[in-house]
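89 is the number that UniProt numbering gives to position 89 of the sequence shown; each next residue is one higher, with no gaps. Quick reminder that beta carbons are idealized off the backbone N, C-alpha and C, glycines included. As the structure is a prediction and not an experimental result, all values here were calculated from the model.
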Amino acid sequence: MMATDDDILAGAEAWRRAGRGVALATVVETWGSAPRPVGSHLVVDGEGNFLGSVSGGCVEGDVVTEAMDVIADGAPRTLDFGVADETAWRVGLSCGGRIKVYVERVD
């Protein structure tokens with residue numbers, strides 16, 4: 001069963017209260033056959049643990065890696081994944097769509 005947005009955000013809050021570094025990734029744009037809708041969330045801690053989904057598993061690995069960098073340096077970033085991008089096939093976004101994910105540190 002997929003975690004709800006409330007579960008995901010509560011998880012981020014609990015991780016922060018426990019002193020962990022946390023980043024929040026949010027789907028901000030989709031096009032075509034996107035695996036998850038705009039507003040979908042993934043939270044990541046500094047050890048790479050995560051809760052939620054931005055792509056149904058297609059690009060989570062890359063998003064987790066980028067989120068850990070965001071936790072470390074504090075600089076938010078926007079990630080683009082799409083079928084026209086070579087990395088889309090490498091990371092598994094073969095659904096024919098495109099997603100844009102905004103990743104920010106939770107302070």
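> When the Cβ atoms of the stretch 60 to 72 are set against those of the stretch 4 to 16, are three or more pairs found closer than 8 Å?
Replying inline: Result no; under three Cβ-Cβ pairs closer than 8 Å.
>> At the level of alpha carbons, what is the spacing between A10 and A18?
In response: For this step, residue 10 is matched to residue 10 along the sequence shown. For this step, residue 18 is matched to residue 18 along the sequence shown. Roughly 12 Å separates the two Cα atoms.
>> As an exercise, report each continuous alpha helix (DSSP H) stretch of at least 4 residues that is fully enclosed by the UniProt domain "XdhC- CoxI" (15 to 82), in chain order.
In response: Whole alpha helix (DSSP H) segments, 4+ residues: 60 to 73.
>> Please tell me whether P76 and E47 are closer than 8 Å, where the distance is taken between their beta carbons.
In response: Start at 1 with the first residue of the sequence shown, and residue 76 comes out as number 76. Start at 1 with the first residue of the sequence shown, and residue 47 comes out as number 47. Against a cut-off of 8 Å, the Cβ pair of E47 and P76 comes out as no contact.
> Among the residues of its own chain, which have a CB less than 6 Å from the CB of A25, if the five just before and after it don't count?
Replying inline: Against the sequence shown, residue 25 aligns to sequence position 25. Answer for A25: L42, V54, V63, A67, V101, V103, listed in chain order.
>> Our contact map puts I71 next to V22 with C-beta atoms below 8 Å; I'd like the distance itself, whole angstroms only.
In response: Mapped onto the sequence shown, residue 71 falls at position 71. Mapped onto the sequence shown, residue 22 falls at position 22. Yes, I71 and V22 are in contact; Cβ-Cβ is about 7 Å, under 8 Å.
> What's the C-alpha gap between M1 and G32?
Replying inline: In the sequence shown, counting from the first residue as 1, residue 1 sits at position 1. In the sequence shown, counting from the first residue as 1, residue 32 sits at position 32. For M1, the pLDDT reaches just 43, beneath the cut-off of 50, and the residue's location in the model is therefore unreliable, leaving the point undetermined.
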